[in-house]
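J.: Dropping the structure in here first, questions after.
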Amino acid sequence: MKTVGRHFEDHQRSQTCSAERTQVDHKLVTVYAECLCYLHQTIEQHGSFTVIQSLKGGVLKCLVRWADRMEEYIKDNQLFAMANSSSNHFEFLLKDIIKYTTHHSVCAVLSRAMRESEDAYVQVSGTMLDAHYSQFQETIHERLSIWRQWDQLGRNCCANAECPLPVYTPRLGTVKRTPMFRCSGCELTLYCSKSCQKASWNTGHRDVCRTMRKNRFDEDGWPKSDYFFDSRDRLYRDWFILEHIGKYRITFLSKQKRFRSEHRSIPANEPVVSVLDFTTFPLGDPPWSFCNIDTQAVPKAREQAPDADWDVLLDEAKKRNGKDPLVMAIIPVAGDYHHYYWVGFGRQQSN
1 MKTVGRHFED HQRSQTCSAE RTQVDHKLVT VYAECLCYLH QTIEQHGSFT VIQSLKGGVL
61 KCLVRWADRM EEYIKDNQLF AMANSSSNHF EFLLKDIIKY TTHHSVCAVL SRAMRESEDA
121 YVQVSGTMLD AHYSQFQETI HERLSIWRQW DQLGRNCCAN AECPLPVYTP RLGTVKRTPM
181 FRCSGCELTL YCSKSCQKAS WNTGHRDVCR TMRKNRFDED GWPKSDYFFD SRDRLYRDWF
241 ILEHIGKYRI TFLSKQKRFR SEHRSIPANE PVVSVLDFTT FPLGDPPWSF CNIDTQAVPK
301 AREQAPDADW DVLLDEAKKR NGKDPLVMAI IPVAGDYHHY YWVGFGRQQS N
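Encoded structure:
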């Protein structure tokens with residue numbers, strides 16, 4: 001995409017005869033539109049891995065820099081089918097990036113990519129870029145703010161359960177942080193020292209590591225969800241979910257009350273499940289909310305997250321008597337039907 005964009009700009013500046021330039025420009029714009037489609041499909045297949053590599057490669061800056069120029073050419077030449085395709089895939093790619101800000105590893109490279117895209121952004125009213133970028137920008141800054149908040153906590157991500165380092169070393173503290181390194185086998189587990197790695201290896205990681213290397217794909221050919229989260233991503237993911245449960249607690253309870261009034265056949269003592277979905281976006285006017293809050297009956301939630309310990313969770317929900325909502329959070333992994341499901345409660349409320 002970067003190469004196509006540069007060629008298009010150079011060709012627009014050239015003195016080539018009109019007929020030849022039109023032919024070449026048309027081919028370049030066609031390839032650019034195909035690149036948008038290909039990148040979106042690749043993200044659907046490989047999730048956060050593709051997003052990370054794309055951001056490192058400067059794709060976000062490229063999208064922002066060339067979107068208006070390509071759109072102008074497409075409109076001038078009345079390429080209506082290509083205009084619809086390009087607009088859809090441009091919007092899809094921006095949403096793809098935001099979906100995966102639930103991953104720490106994506107946020108770690110997004111901060112720089114976002115600065116570069118903002119430097120390249122020139123607002124032109126009424127364009128495809130103008131219609132989406134400000135909403136995208138606002139949401140990204142919110143997600144990066146959450147990521148920086150977690151980073152300030154200085155969470156120890158060492159996978160050794162008996163790690164001697166403190167669980168938190170705040171960035172503002174006087175204690176110097178210890179850099180982490182990855183297990184060379186599974187490449188997903190982080191350690192702070194060789195001694196912690198050895199202890200973890202001898203207490204169970206040996207078998208886990210071998211299993212993960214041999215069984216990275218499920219029966220449908222999709223990479224298993226654990227393969228997309230290293231130990232830091234997993235800690236951040238759970239913290240991220242708990243932060244949002246606390247933020248939307250009142251909304252959950254309000255929606256549960258409304259849901260019960262619409263489904264009076266559900267017994268009063270039977271819990272219902274609040275859904276915090278980071279994979280789908282509510283339709284409607286801007287700004288994009290990029291998380292969908294809903295309520296479901298238990299049977300439907302069980303179908304979506306069959307691996308959760310529902311019997312224990314439902315017993316606990318009854319003990320809490322509706323004061324703390326039972327929540328199912330859905331985090332994107334790859335593809336429209338391949339997600340991570342977290343089921344549980346938020347942090348205990350003091351009241």
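Going by UniProt numbering, the sequence shown opens with residue 1, and the numbers climb by one from there.
Built from N, CA and C at the ideal position, the CB exists for glycine as well.
The model shown is predicted, which means the values in this text are computed figures rather than measured ones.
Please classify A308: does DSSP put it in a helix, a strand, or coil?
T.: Reduced to three states, the DSSP call for A308 is coil.
J.: Are the beta-carbon atoms of Q296 and V273 separated by less than 8 Å?
T.: Against a cut-off of 8 Å, the Cβ pair of V273 and Q296 comes out as a contact.
J.: The beta strand (DSSP E) with I241 in it runs from where to where?
T.: Where I241 is concerned, there is no enclosing beta strand (DSSP E), although the alpha helix (DSSP H) it sits in stretches over S231 to K247.
J.: Which residue or residues does DSSP assign as beta-bridge partners of Q296?
T.: V273, per the DSSP bridge assignment.
J.: Using DSSP with H/G/I as helix, E/B as strand and the rest coil, what is residue 368?
T.: Outside the modelled stretch of the chain, which goes from 1 to 351, sits residue 368, for which no answer is possible.
J.: If you draw a straight line from the C-alpha of R210 to the C-alpha of C186, how long is it?
T.: In a straight line, the C-alpha of R210 is about 8 Å away from that of C186.
J.: So what does DSSP say about F290, is it helix, strand or coil?
T.: F290 falls in the coil class under three-state DSSP.
J.: Using the C-alpha atoms, what's the distance from T280 back to A120?
T.: Straight-line Cα distance between these residues: approximately 28 Å.
J.: Taking V298 as the reference, which of V343, T101, E34 and D130 has the closest Cα?
T.: Checking every option, the nearest Cα to that of V298 belongs to V343.
J.: C158: which of Q149, T169 and R148 sits nearest, CA to CA?
T.: Nearest of Q149, T169 and R148 to C158, Cα basis: T169.
J.: Helix, strand or coil for I97 per DSSP?
T.: If DSSP states are grouped into helix, strand and coil, I97 belongs with the helices.
J.: What did DSSP end up calling A301 once you bin it into helix, strand or coil?
T.: A301 falls in the helix class under three-state DSSP.
J.: Excluding five sequence neighbours on each side, which residues of the same chain lie with their C-beta closer than 7 Å to the C-beta of Q123?
T.: Excluding residues within five positions, the ones whose Cβ falls inside 7 Å are D130.
J.: Taking 8 Å as the threshold (C-beta atoms), are F228 and A334 in contact?
T.: Yes, they are a contact pair.
J.: Between W147, R112, F217 and Q135, which lies nearest to H104 when the distance is taken from Cα to Cα?
T.: It is W147.
J.: When the Cα of I241 is compared with those of K318, W150, K300 and A317, which residue comes out closest?
T.: Of the listed residues, the one whose Cα sits closest to I241 is W150.
J.: Can you give, in chain order, each stretch of the alpha helix (DSSP H) that sits fully within the segment 172–212 and has at least 4 residues?
T.: Qualifying alpha helix (DSSP H) stretches, in chain order: 194–200.
J.: Below 8 Å on the Cβ atoms is my contact criterion, and I expect L55 with L110 to pass it. Report the Cβ-Cβ distance as a whole number of Å.
T.: Contact flag correct, Cβ pair sits at about 6 Å.
J.: Would a C-beta distance cut-off of 8 Å place H132 and E162 closer than the cut-off?
T.: No; because the gap between Cβ atoms is not below 8 Å, this pair is not in contact.
J.: Just to confirm, are N160 and S200 a CB contact at a threshold of 8 Å?
T.: Result yes, Cβ atoms of N160 and S200 sit closer than 8 Å.
J.: What does a CB cutoff of less than 8 Å around R347 pick up in its chain, not counting 5 residues either side in sequence?
T.: Correct list, in chain order: L242, I245 and G246.
J.: Does the Cβ of R177 have 16 or more other Cβ atoms within 10 Å, making it buried, or fewer, making it exposed?
T.: Burial call: exposed.
J.: Determine the direct distance from the alpha carbon of A33 to that of F345, and round the result to whole angstroms.
T.: Looking at the two C-alpha atoms, the distance is approximately 44 Å.
J.: DSSP three-state call for Y38: helix, strand or coil?
T.: If DSSP states are grouped into helix, strand and coil, Y38 belongs with the helices.
J.: Which residue's Cα is closest to the Cα of F63: D230, V51, G47 and L36?
T.: Position check: residue 63 holds Leu in this sequence, whereas Phe was assumed. Minimum Cα distance to L63 is reached at L36.
J.: Assuming contact is defined by CB atoms lying nearer than 8 Å, are I52 and I98 in contact in what I supplied?
T.: Against a cut-off of 8 Å, the Cβ pair of I98 and I52 comes out as no contact.
J.: Quick one: is F181 buried, meaning 16 or more other Cβ sit within 10 Å of its Cβ, or exposed?
T.: So F181 counts as exposed.
J.: Considering only C-alpha positions, which residue in the set K95, L28 and Y38 is nearest to W66?
T.: Of K95, L28 and Y38, the residue nearest in Cα terms is L28.
J.: My understanding is that T189 touches D233, with C-beta atoms under 8 Å, so please give their C-beta distance in whole angstroms.
T.: Between D233 and T189 the Cβ distance is about 11 Å, and since that is not below 8 Å, they are no contact.
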